[in-house]
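Taking our numbering, the leading residue of the sequence shown gets 328, the next gets one more, and so forth.
Cβ atoms here follow ideal geometry from the backbone N, Cα and C, with glycine treated the same way.
In this text, all values refer to a predicted model and were calculated from it rather than measured experimentally.
Taking it in order: structure first as structure tokens, then the write-up.
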Amino acid sequence: MKKLLTILTILTLSLSIAFLAYGGSVVGSRHDLSIGGTGWGGGAFGTTQVCVFCHAPHNTEKTNLNGQYLWNRTPQTTTFTLYSSSTIEATINQPGVQSLLCLSCHDGVGAFDVMINMPKDWDPGLGSATTNQFGDFNLDDPAVGPLNIGENGGNISNDHPVGFVYDDTLAANDGALKTPVSTKSVDAAGKLRLFGSKVECSTCHNPHDNDACSTPGSCRFMVMDNAGSALCTSCHIK
């Protein structure tokens, strides 16, 4: 029993450190889909659990993520249609892990309630993959907000590219990009993170904090305030 308590304590501390690295709290944010949350559906799934829509402590996704992040959803494995432009210098690759996590909901196909481990207090009569699908929502529809990024069929060609290396060479070749301070971050403050030198969804977005702007609660989970295009100009020379 003592050994079990020790293991649980270590797991709890590890998760706490991971969440502190993000800052903020998902509780009460638009990503809080529990009964007490403010997320889409107004708690329509009948559960009081907040984290379960993305994370679980046991038996999580291991085929594509090898158990990382204790992820409670199956990431999209489709080949995405990517952004392209005759003026872009970067080589755009398929989304990496830190983008696939987001796209397991925001791909335009995934549903809220398609989880690997369902919570005990889940009410299947209140939520279904048919009625609670992210896909087919208009990104600019004020009634539902910015839910879907991809389109049905894995098309993310009209979205800011991810999965590309952002380094000194790209900045020099492009001429209109700032040189990143390291392989882990674009800026000195470390707000705009890079993952193996690559830009991913988590470079600009923090899924646990929707308060990093002048209108807390409506920051679109961006890692910093974009007033005056401050986030954009952290990378782009304009």
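Below 8 Å on the Cβ atoms is my contact criterion, and I expect residue i with residue j to pass it. Report the Cβ-Cβ distance as a whole number of Å.
i, j, result
"TRP398", "HIS385", "At roughly 12 Å, the Cβ-Cβ gap does not stay under 8 Å, so TRP398 and HIS385 are not in contact."
"GLY364", "VAL377", "7 Å"
"THR408", "GLY481", "6 Å"
"SER561", "ASP514", "5 Å"
"SER411", "SER524", "Not really, about 21 Å apart at Cβ, beyond 8 Å."
"GLY502", "ILE419", "Incorrect: roughly 18 Å between the Cβ atoms, too far for contact."
"GLY373", "ILE362", "7 Å"
"ALA557", "VAL550", "The pair is not a contact, with the Cβ atoms about 11 Å apart (cut-off 8 Å)."
If the criterion is Cβ atoms closer than 8 Å, does the pair residue i and residue j meet it?
i, j, result
"LEU519", "CYS528", "no"
"THR406", "GLN421", "yes"
"ALA417", "PRO488", "yes"
"VAL424", "PRO534", "no"
"GLN403", "ASP448", "no"
"SER541", "ASP552", "yes"
"ILE476", "LEU428", "no"
"LEU521", "LYS511", "yes"
"GLY366", "ASP359", "yes"
"VAL441", "TYR493", "no"
"THR387", "ILE443", "yes"
"ILE564", "LEU504", "yes"
"ASN537", "ARG357", "yes"
Please list the terminal residues of the continuous alpha helix (DSSP H) segment that includes residue i.
i, result
"HIS433", "424-433"
So what does residue i bridge to, in DSSP terms?
i, result
"PHE491", "VAL526"
"THR408", "ASN482"
"SER556", "SER556 pairs with nothing; no bridge assigned."
"SER512", "ARG520"
"LEU504", "HIS563"
"TRP398", "HIS382"
"HIS532", "MET549"
Can you check whether the C-beta of residue i is within less than 8 Å of a C-beta belonging to chain C?
i, result
"THR510", "Of the protein chains in the structure, only one exists, and it is not chain C."
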